[in-house]
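The block underneath contains the structure these notes are about, expressed in structure tokens.
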Amino acid sequence: SLALPNDLRPDAAPALSSAPVALQYERHDRVAGGPVTSAVYVAGELLQPAVMRWTGIASALAVLLSARAMAGDPSRPWWSVGTTATISILWAALACWLVAPRLLYAGGLLLNLAATFWFADRIAPGSATPIFDVTSANIAVLALCGLATLVLHLNLFTRRPLEPARVARLPFHRFAATVSLIGVLATTCILVTGDVTGHRAGASALLTWAALGSTIVLSAAMLWDAAAPFALPEVYVLGLAALAVALHAVHYFHQPLHAGGAITAAAYVLATGVLYACRHGLIRVAGSLGMPPMRRENQIDWLAPASVLLATVSIALTFATDFTITGMAPRLAAATVTIIGLGGLMLLARGTERVDLRRIIFALLRISAVAWGWAWLPPGAEWLTRAAVLVSVLGISLLACGFIAAREREGSLWPAVARHAFGSLTFGWVASLLLTIGLEVALRVSGGSAHFAGWAIAVVLINLIAGATAGVLLAVSPRRDPLALPAAVRGAYVYAAEALLALAFVHLRVTMPWLFGGVLSQYWPLVVMALAFGGVALGEVFRRRGTIALSSPLFTSGAFLPLLPVAAFWLAPSRVELWGLLFTVGAFYAILSAARRSFAFGVLAALAANGGLWSLLARQPALAFLVHPQVWLIPAAASVLAAAQLNRDRLTAGQLRFVRYCCLMVVYVSSTADIFLNGVKDHPALPLVLAGLSVTGVMLGILFRLRAFLFLGTSFLALSIVTMIYFASVDLHWTWLWYVAGILLGAAILVTFALFEKKRAEMVALVEGLKRWQ
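Pasting the structure below:
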């Protein structure tokens with residue numbers, strides 16, 4: 025009675041239920057050859073609700089009797105399993121015959137009940153965990169039923185228009201896939217929890233893998249169901265469940281930091297990327313085998329975050345392995361496979377234009393490279409050694425990033441991502457260098473010693489020198505600059521190179537102090553001055569060649585380098601005297617002031633030279649400041665006066681006049697104060713010194729037409745003469761000098777008035793000429 029006529033088979037169209045009953049069987053009446061057959065089918069259609077109701081009642085009664093037989097039947101479970109399985113097949117056949125997919129629920133659930141009867145009878149009476157085996161068996165059977173109904177759905181039900189009353193809102197194969205997934209995940213979580221807590225569940229490995237495998241096959245087959253929304257995520261999650269079950273089988277969760285976890289997670293990321301990259305080829309192969317077309321939508325929106333999370337877990341396990349496992353082989357294996365596994369993320373990135381995914385891959389590659397570098401060290405390695413490995417790994421990563429950023433390929437997003445990551449990677453590399461050298465200095469200052477392996481010292485030194493070299497190359501070669509800095513600020517690379525060289529000096533000084541003994545340590549200020557002269561000379565050479573990116577930083581650094589030994593003179597003692605160092609610094613800045621016509625360098629030269637002079641004078645008690653102030657102040661004032669005169673083009677007339685008056689007042693007032701402090705009686709030459717300075721000022725004023733020199737020189741010349749007359753009249757009792765001086769002063773006044781009377785025009789012209797002096 026279940027045999028279908030030719031026009032009622034699944035490949036016949038259209039569906040019989042889509043037309044009135046009389047019309048549905050009109051064609052069959054013509055083909056089958058008589059009204060009797062048509063009448064039978066019409067009657068069956070009319071009686072179908074009642075027949076289905078009585079069929080359901082009979083099936084339920086048979087199933088209840090089968091369940092009762094499980095308790096007392098000596099032949100159990102054969103009659104119970106056979107009856108339930110037969111009824112299940114009956115309902116499946118009815119679903120196909122009547123083209124009613126909702127009837128598959130009855131067939132599938134009854135087949136699961138038959139499986140429950142079978143496996144429940146096979147459980148040993150003393151088993152502690154029978155629920156695991158029965159659950160796994162039901163999951164496997166349910167998944168296989170779902171696979172069978174999926175085949176029917178794709179080949180029978182989707183090719184016919186169905187009545188709404190016969191269509192299930194949720195097809196049985198999707199229901200089976202969902203329930204099987206939930207069951208597999210619950211079972212896996214229970215197994216893993218038991219391993220972690222120490223209460224290992226005694227589940228059958230065969231049944232566990234059967235349930236897992238059948239569920240994976242069903243979820244993979246769901247890819248051909250265009251209406252299944254989460255088929256591929258289910259396959260991904262089931263793959264993770266398979267990994268958890270495999271780790272449970274090898275007792276992994278008793279060793280949570282074992283290298284196997286990192287290797288497994290990285291391998292899964294790689295396998296996922298390979299399958300995603302080959303998805304189009306798999307679709308073509310499936311089509312060539314006559315299978316229905318597979319869904320082609322892009323799944324990268326959820327696949328990329330999941331793979332990134334799994335790769336992060338793999339890297340975390342790798343770091344944990346580096347600090348816990350003593351064997352080098354497991355550490356290196358975990359770290360190497362973790363890096364290889366990131367290739368799966370790169371394959372995922374090929375299928376999308378998302379820049380954020382590529383940036384995350386760059387970051388994970390750097391972190392995993394650090395884990396790989398640390399894998400070579402034993403778990404108890406010192407942090408200084410680990411810091412050296414960190415510096416080396418980040419330096420190589422920075423070099424690779426710069427190389428990728430400099431290459432422009434059409435359609436490739438990696439150069440832009442590398443340029444974006446170059447700045448943060450540079451910051452990390454510099455921070456690791458500072459951390460390493462800071463640890464070294466802290467150990468040295470605290471009284472310890474920087475126990476550093478020779479290769480680690482060389483690694484840090486090579487990184488510093490390579491970084492300095494790269495900075496110079498980037499400064500002179502703009503096309504290789506990943507940051508594409510403008511020409512005005514490209515000199516920052518040279519400053520960075522100089523800073524790295526300074527760090528290299530500190531690194532060697534701390535780790536290998538024996539290199540800095542002898543002459544170098546005793547005369548280090550002169551060595552610094554030699555470097556300053558060399559830097560300024562190189563800066564001048566590059567300036568004349570037009571290489572501004574090198575000339576300006578070298579000149580600036582060389583110009584301010586002499587301040588270092590002066591500032592650190594008392595912190596790092598040497599055999600160089602302070603006055604000698606200051607005279608050297610003064611000569612250096614005097615040369616720069618003359619070469620660049622710089623007022624600032626002139627002031628620095630004056631300060632350094634006068635500082636050297638003061639340091640030398642401080643050694644002589646007879647020349648103390650309160651004894652002979654002019655010896656201390658006149659050189660300083662003369663230096664500032666000379667610097668202002670050399671740079672008069674950069675000063676306004678008012679500024680230049682102010683500097684001249686201030687400097688001359690310092691000269692003359694200090695000389696006058698020297699006279700009052702020491703007295704003319706004990707030091708009769710002091711007024712002559714003031715007179716000499718005044719005459720010199722007057723002569724310079726006349727020579728260069730400078731009013732400040734003329735007026736102040738004349739005024740203090742008169743003061744020195746009055747001082748000498750007063751000394752002669754008081755101490756030597758030469759009172760007649762006052763009369764002579766008065767007569768000469770009166771004669772001079774008369775001569776002046778006579779000149780104004782007789783040669784008024786010439787005298788007025790002379791006065792007007794004085795007004796035009798500077």
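Under our numbering, the letters of the sequence shown match residues 25 to 798, in that order.
Built from N, CA and C at the ideal position, the CB exists for glycine as well.
W102 counts as exposed, since fewer than 16 other C-beta atoms from the protein chains shown sit within 10 angstroms of its C-beta.
Using a Cβ-Cβ distance cut-off of 8 angstroms, the stretch 232-246 and the stretch 291-302 are not in contact, since fewer than three pairs of beta carbons, one from each stretch, lie closer than that value.
In the DSSP assignment, G452 falls within the alpha helix (DSSP H) that extends over 438-469. Three or more beta-carbon pairs separated by less than 8 angstroms link the stretch 552-563 to the stretch 604-616, which places the two stretches in contact. Cβ-Cβ distances below 7 angstroms link L168 to S238 in the same chain, with the five nearest sequence neighbours on each side left out; the list follows chain order. Bounds of any alpha helix (DSSP H) do not take in R378, whose DSSP letter is neither H nor E. Here V534 is actually not in contact with V484; their C-beta atoms are around 11 angstroms apart, not less than 8 angstroms. In the assembly as shown, A677 is an exposed residue. Its beta-carbon has fewer than 16 other beta-carbons within 10 Å. Of P195, S581, T202, R193, the smallest CA-CA separation from V259 is found for T202.
Around the CB of E464, 16 or more other CB atoms lie within 10 Å, so the residue is classed as buried. Around the C-beta of P402, fewer than 16 other C-beta atoms lie within 10 Å, and the residue is accordingly described as exposed. Rounded to the nearest whole angstrom, the C-alpha separation of V175 and S112 is 17 angstroms.
In terms of Cβ geometry, S104 and A93 form a close pair [threshold 7 angstroms].
By the CB criterion at 7 angstroms, R443 and A429 fall inside the cutoff. Remark: C-beta atoms of G563 and A521 do not approach each other more closely than 7 angstroms. Shortest Cα-Cα distance from A344 to any of T362, V332, F733, S581 involves T362. Per DSSP, A632 is one residue of the alpha helix (DSSP H) stretching across 623-641. The Cβ atoms of I384 and V332 sit closer than 7 angstroms to each other.
Taking 7 angstroms as the cut-off, the beta carbon of P659 is found closer than this to the beta carbon of L637.
Residue burial is scored here from C-beta neighbours: H275 has fewer than 16 other C-beta atoms within 10 angstroms and is therefore classed as exposed. For A235, the enclosing alpha helix (DSSP H) covers residues 229-245. Taken in chain order, the whole alpha helix (DSSP H) runs of length 4 or more contained in the stretch 544-627 are 548-569, 572-584, 587-591, 602-620. Assignment of M723 by DSSP, reduced to helix, strand and coil, places it in the helix class. By the CB criterion at 7 angstroms, P708 and S744 fall outside the cutoff.
The Cβ neighbour count for D157, taken over all protein chains shown within 10 Å, is at least 16; the residue is labelled buried. Apart from sequence neighbours up to five positions away, the residues of its chain that approach L602 with a beta-carbon distance below 7 angstroms are F593, S639, ordered along the chain. Assigned with DSSP and collapsed to three states, D706 falls in coil, not helix or strand. Counting every other CB atom within 10 Å of its CB across the protein chains shown gives F143 a total of 16 or more, marking it as buried.
Here V746 is exposed, its C-beta having fewer than 16 other C-beta atoms within 10 Å.
In this structure, the beta-carbon distance from A116 to G106 does not fall below 7 angstroms.
Of the candidates L647, L650, Y685, the residue whose Cα lies closest to the Cα of A662 is Y685. Contact annotation: H197 and G218 have beta-carbon atoms that are not nearer than 7 angstroms. Short of 7 angstroms from the beta carbon of L127, and not among the five residues preceding or following it, lie these beta carbons of its own chain, in chain order: W115, L118, A119. Here F584 is exposed, its C-beta having fewer than 16 other C-beta atoms within 10 Å.
Judged by beta-carbon spacing, P589 lies within the 7 angstroms limit of V552, meaning their Cβ atoms are closer than that value. Of I749, A250, A412, L135, the smallest CA-CA separation from A455 is found for A412.
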